[in-house]
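Enquirer: Going from the sequence shown to my numbering is simple: count from 1 and add 598.
Glycine included, every Cβ here is placed at the ideal spot set by N, Cα and C.
These figures come from a predicted structure and were not determined experimentally.
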Amino acid sequence: MTASLDTTTLVPSTDRATEVPRRRTISLVPPAVQVPPNPLASAPFAVRPMLTQREIQVLTGWIKCDSKVEVAKSLFLSLGTVNTHLTRIRTKYASVGRPASTKASLVARALQDGLIDIAEL
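#1: Using C-beta distances below 8 Å, list every residue in its chain close to Leu-657, excluding the 5 sequence neighbours before and after it, in chain order.
#2: Just the C-alpha distance for Lys-690 and Ala-670, rounded to the nearest angstrom, thanks.
#3: Entirely within the region 651–682 and at least 4 residues each: give me those alpha helix (DSSP H) ranges in chain order.
#4: Roughly how many angstroms separate the alpha carbons of Glu-697 and Ser-676, rounded to a whole number?
#5: According to DSSP, is Leu-649 part of a helix, a strand, or is it coil?
#6: So, is Val-680 buried or exposed, given that buried needs 16 or more other C-beta atoms within 10 angstroms?
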């Protein structure tokens, strides 16, 4: 949508000011805004929690093996530290409205957020 305005502008000349009619056109419609897609989230409006690098290591390690003890040994952590990281990960997912109370739901969240690939399972 556009609107036209008739204006009269005084243009100075060498000996006197002359009136020159001009037509100005302005747009009343703002330009379209496009939001770039998030390549890591498969859900259209999924909010990702801010996981630390160590939390991601613990999560992906636990998903790839069956034992928290193995994860603890491979990352040089205690079993209690692994459990603490997993508890914090679950809390962070719940705080953004994406609860993950089981290992299966954590696997689903990791797949959705691009932390792991289905081929890694």
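Expert: Once the coordinates are examined:
#1: As a first step, residue 657 must be located in the sequence shown, where it is residue number 59. So the list reads Leu-649, His-683, Leu-684, Ile-687, Leu-704, Ala-708, Leu-713, once near-sequence residues are dropped.
#2: For this step, residue 690 is matched to residue 92 along the sequence shown. For this step, residue 670 is matched to residue 72 along the sequence shown. If you take the alpha carbons of Lys-690 and Ala-670, they lie about 21 Å apart.
#3: Runs of the alpha helix (DSSP H) lying entirely within the region 651–682 and spanning at least 4 residues, in chain order: 651–662, 666–672.
#4: Numbered from 1 along the sequence shown, position 99 holds the residue referred to as residue 697. Numbered from 1 along the sequence shown, position 78 holds the residue referred to as residue 676. Here residue 697 is Pro; the residue named in the question, Glu, does not match the sequence. Straight-line Cα distance between these residues: approximately 25 Å.
#5: Locating residue 649 in the sequence shown gives position 51, where the first residue counts as 1. Note: Leu-649 maps to coil in three-state DSSP.
#6: Along the sequence shown, one-based indexing puts residue 680 at 82. Result: buried.
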